[in-house]
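Accompanying notes for the structure given below.
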Amino acid sequence: MFSLKNFLITLIMEEDVPQPKYLSVIWLLLGLIICIGNVFTSFILWLSKVSREKSEPGRKIHGLWNLICMNLAFSLVGLSLLVNMTTLLARNNELSDGLCDFFGFLYTFGFNFAVVGILVGLLDKIYNLHKPFNYHSYVRGESNVPIIIFVCCTLYGMFMAIIPLTRLGSYYQSKYAICLIQWHKEAATRVTVFLNLILFLVTAALIIIYLWLMRKVYENRRQMRVSFNRRKETMVFELVVSSSFVTCWCPYMIAMFVSNISSDKHPEEAGIAVLFGVILVPFLVSPMVTDVLHGHYQEECKKFWDGVHKYLTSKIGKPTTTSGQSETSTTSHGNNLILEELKVDTLKM
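Each residue of the sequence shown is one higher than the one before, counting from 46 in this note's numbering.
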């Protein structure tokens, strides 16, 4: 007879498998939320870009391309988590090397693409605040800069994801997380750690510069008594997204840096899982932050849901209208027959 108590005990206390099933289910759900949320956010941002460029002829909102690609990279991280855990559960916690390489490649590419994307987004906003007139001319015409940025982000993500597929390293199924990188050469470990550390420090420095420029702009506007719509501006939004990413990335970078210096202090499997979970936070909250702080996203999202509501209402309302019309026509036809019978009876009389 099936016992729910015994099933839960077995589910939680599994020791003969690489990863407990309850943890795999948690990662799977998080991956699903991250993937769907960021894909939907990218779609709404794309609609916003199209509608704004139509309403302002000649304007090219290049900054939104980077934001769209960044959210797609976030969704790729969620997709890697989703397919990794789904396959792990379906195969009873057994993954072949080929599958692990694929899932690890997917996650590493998406994560590193997002790292460069956040850095580029900060540079775009800093350029806008520091050289507003030059930026105005930049957004008033066609430019190859967004394509170049996309290619650079893609190449960096591919480079970081392909290295573990060489003799320098490999992907392995972590006990409490997804397929992660394991280096076979000490030099490769140091190069990747210090390369990520440089990107981390540069991004943190750009956040500080961006915060200083934002403060300066707000002070100048206050002194000049220039009105502005905070809901329409994306300065605070960019600051929150980049700061949350760097903050959640910081513990992982510290752990990797310490383990690289001292070989006796490598993070345990449980510690790696905690660090991995912390890194997922910005990917998880990015759609919510966009919905709260991005005014143009809010407007476009409202238009989208209003359109969906009208479409569903029209589809659901049609059968009701048709049936109502048929009932009315049937009633009127019956009344006409009664009137004709009365006329015939009157004539006979």
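Positions of the beta carbon are idealized from the N, C-alpha and C atoms, including for glycine. This structure is a prediction, so every number in the text was calculated from the model and none was measured.
{"Item": "Assumed close pair Val184, Lys105 - CB separation to whole angstroms, cut-off 8 angstroms", "Value": "6 angstroms"}
{"Item": "Contained beta strand (DSSP E) runs [length at least 3] in the region 139-196, N- to C-terminal order", "Value": "none"}
{"Item": "Spatial distance of Cys295 from Arg212 (CA atoms)", "Value": "28 angstroms"}
{"Item": "Which residues DSSP lists as bridging Cys224, in chain order", "Value": "Gln218"}
{"Item": "Val128 and Phe156 closer than 7 angstroms at C-beta", "Value": "no"}
{"Item": "Spatial distance of Leu74 from Asn241 (CA atoms)", "Value": "28 angstroms"}
{"Item": "Cα-Cα separation between Asn138 and Lys230, rounded to whole angstroms", "Value": "28 angstroms"}
{"Item": "Alpha-carbon spacing of Ser288 relative to Met333, whole angstroms", "Value": "15 angstroms"}
{"Item": "Alpha carbon of His181 to alpha carbon of Asn173, nearest angstrom", "Value": "8 angstroms"}
{"Item": "Test item: CB-CB of Glu101 and Lys170 under 7 angstroms", "Value": "no"}
{"Item": "Three CB pairs or more closer than 8 angstroms across the region 149-166 and the region 197-208", "Value": "yes"}
{"Item": "Reduced DSSP category for Pro209 - H, G, I as helix; E, B as strand; rest coil", "Value": "helix"}
{"Item": "Beta-carbon gap between Phe290 and Ile194 smaller than 7 angstroms", "Value": "no"}
{"Item": "Buried or exposed by the 16-neighbour rule on C-beta atoms within 10 Å, applied to Met130", "Value": "buried"}
{"Item": "Beta carbon of Leu133 nearer than 7 angstroms to that of Ser215", "Value": "no"}
{"Item": "N-terminal and C-terminal residue of the alpha helix (DSSP H) that Thr237 is part of", "Value": "231-269"}
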